[in-house]
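Everything on this sheet refers to the single structure shown next.
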Amino acid sequence: MRIAALALVSAAALVLVGCTPAPHPTSSPKPTATPVFRTDAEALAAAEKAYRAYEAAVDESLTLANDRGLSQVATAQALKASMESISKFKSSGRRQVGKSIVEHVRPANLSSLLGSRPTGAQIYACLDVSAVLIVDAQGNDTSVSGRETVYPTLVTLQWKRSRLLVSDESVWDGANFCH
Numbered sequence: 159m160r161i162a163a164l165a166l167v168s169a170a171a172l173v174l175v176g177c178t179p180a181p182h183p184t185s186s187p188k189p190t191a192t193p194v195f196r197t198d199a200e201a202l203a204a205a206e207k208a209y210r211a212y213e214a215a216v217d218e219s220l221t222l223a224n225d226r227g228l229s230q231v232a233t234a235q236a237l238k239a240s241m242e243s244i245s246k247f248k249s250s251g252r253r254q255v256g257k258s259i260v261e262h263v264r265p266a267n268l269s270s271l272l273g274s275r276p277t278g279a280q281i282y283a284c285l286d287v288s289a290v291l292i293v294d295a296q297g298n299d300t301s302v303s304g305r306e307t308v309y310p311t312l313v314t315l316q317w318k319r320s321r322l323l324v325s326d327e328s329v330w331d332g333a334n335f336c337h
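Going by our numbering, the first residue of the sequence shown is number 159, and it counts up by one from there.
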């Protein structure tokens with residue numbers, strides 16, 4: 159009988175413990191911010207993908223004389239410069255034939271992509287335009303003969319609308335890392 163009474167008291171104690179309110183924390187738990195990119199390799203891959211998308215959009219725009227898709231891949235100075243180029247091509251009756259190729263991408267500065275609030279990045283890339291021709295309204299090649307066909311570029315990207323957009327692209331004025 160004594161064992162039965164102890165079991166009943168133990169069961170009652172367990173029920174009561176389950177019914178007592180949990181203590182309220184003095185401060186709310188802070189959510190831990192997850193980085194958008196965990197490694198330099200992830201950040202570089204995303205920056206390269208964004209730059210390739212930008213160059214593809216510029217190629218298409220110069221081919222069709224239409225700037226429709228540029229705002230999806232570019233912002234700031236890159237968007238402005240691209241739209242101006244397309245406007246000049248369109249008014250002169252020129253268009254691009256062929257596509258550029260992005261090669262040898264490497265990091266310049268990826269550190270601001272590795273936190274929970276990325277802001278931007280810079281990469282180096284070689285832009286190969288050897289397969290690109292500029293033609294006039296009659297289809298005649300107006301490309302400059304003997305022109306440089308591979309350009310070392312410094313590309314700046316900004317984190318906007320939860321993705322990377324090209325904000326500036328310039329020919330690198332340091333040592334040519336493409337040759």
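Quick reminder that beta carbons are idealized off the backbone N, C-alpha and C, glycines included.
If you're wondering where the values come from, they're calculated on a predicted model, not measured in any experiment.
Under the DSSP definition of a beta bridge, which residues are partnered with residue i?
| i | result |
| --- | --- |
| V293 | R253 and D299 |
| N267 | Q280 |
| W317 | L322 |
| V308 | D286 |
| S328 | L312 |
Can you tell me which of the options puts its alpha carbon nearest to the alpha carbon of residue i?
| i | options | result |
| --- | --- | --- |
| G251 | L322, K257 and G297 | G297 |
| G332 | L312, L322, R319 and S325 | L312 |
| L322 | T307, R210 and R253 | R210 |
| G304 | Q316, T314, L291 and L315 | L291 |
| N224 | T233, C336, A279 and K246 | K246 |
| Y212 | C336, L202 and L228 | L228 |
Please report how far the alpha carbon of residue i lies from the alpha carbon of residue j, in whole angstroms.
| i | j | result |
| --- | --- | --- |
| V194 | V302 | 43 Å |
| S219 | R226 | 7 Å |
| G176 | E206 | Because the pLDDT at G176 is just 44, under 50, the model does not fix this residue reliably, and the value given afterwards should be weighed accordingly. Rounded to whole angstroms, G176 to E206 spans 55 Å at the Cα level. |
| M319 | L285 | What sits at residue 319 in the sequence shown is Arg, not Met. Going by the C-alpha atoms only, they are around 26 Å apart. |
| Q254 | S325 | 22 Å |
| P265 | D198 | 8 Å |
| T314 | K257 | 21 Å |
| S269 | A295 | 46 Å |
| L202 | T233 | 19 Å |
| R196 | N267 | 15 Å |
Am I right that residue i and residue j are in contact with their C-beta atoms under 8 Å? What's the rounded C-beta distance?
| i | j | result |
| --- | --- | --- |
| Q316 | G273 | Not confirmed; about 15 Å, so no contact. |
| V308 | A283 | About 11 Å; that fails the 8 Å criterion. |
Item to check | alpha helix (DSSP H) runs wholly inside the segment 194-248, at least 4 long, in chain order | outcome: 198-222
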